[in-house]
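This report concerns only the one structure given below.
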Amino acid sequence: VLSETMTRFLDNFNLLRMFRVARIIRLLKLFRRFSYLKELRKLLTMATTCMRTLCWSFIFCFVVMTIWAMLLVDLVQPLILKLHEDRGIFGDCEQCLRAASSVMDAN
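Position one of the sequence shown corresponds to residue 133 (the working numbering), numbered consecutively onward.
Here is the structure:
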């Protein structure tokens, strides 16, 4: 009984979602008819283009930072551990030892 009620609810929810999308599409069609809103349309187009560029730049920065973190963990982590064991450097700094222990901590 409960699963049948949930199925009906989800079907109605999907129907409402389709009505909302149709309403938004109608508003967008109406928006295109007004010629005095050209500047606003250009502004929205430029904003979406900038957002796309920003998303790609964030992805690029994430990849570069992850590569540097991998290099830190592979190359510098053994040196940090050796300095800690031999000379006692980083003895009171737990974060210093943990920061280079994994890629996620170094990132």
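Just so you know, even glycine gets a beta-carbon here, dropped at the ideal spot from N, CA and C.
In this text the structure is predicted, and so the values were computed from the model without any measurement.
Checklist entry - At which residues does the alpha helix (DSSP H) containing Asp218 begin and terminate? => result Membership of Asp218 in the alpha helix (DSSP H) is indicated by the continuous run Gln209 to Arg219.
Next on the checklist: Tell me the residue span of the alpha helix (DSSP H) that contains Cys225.
Outcome noted: That residue, Cys225, is in no alpha helix (DSSP H); it is neither H nor E in DSSP.
Item to check | Alpha carbon of Thr177 to alpha carbon of Ala232, nearest angstrom | outcome: Thr177 and Ala232: Cα-Cα distance of roughly 43 Å.
Checklist entry - So, is Val153 buried or exposed, given that buried needs 16 or more other C-beta atoms within 10 angstroms? => result So Val153 ends up on the exposed side.
Checklist entry - Run through DSSP, which three-state label would Asn146 get? => result Helix.
Next on the checklist: Could you check whether Ala179 and Ala238 sit closer than 7 Å to each other, using their CB atoms as the reference points?
Outcome noted: Their beta carbons are not under 7 Å apart, which means Ala238 does not touch Ala179 by this criterion.
Item to check | Where the alpha helix (DSSP H) containing Leu203 begins and where it ends | outcome: Residues Lys170 to Leu203.
Checklist entry - Would you call Val196 buried or exposed, if buried means 16 or more other Cβ atoms sit within 10 Å of its Cβ? => result Flag for Val196 reads exposed.
Checklist entry - In terms of residue numbering, what span does the alpha helix (DSSP H) encompassing Asp237 cover? => result Unbroken alpha helix (DSSP H) run through Asp237: Val235 to Ala238.
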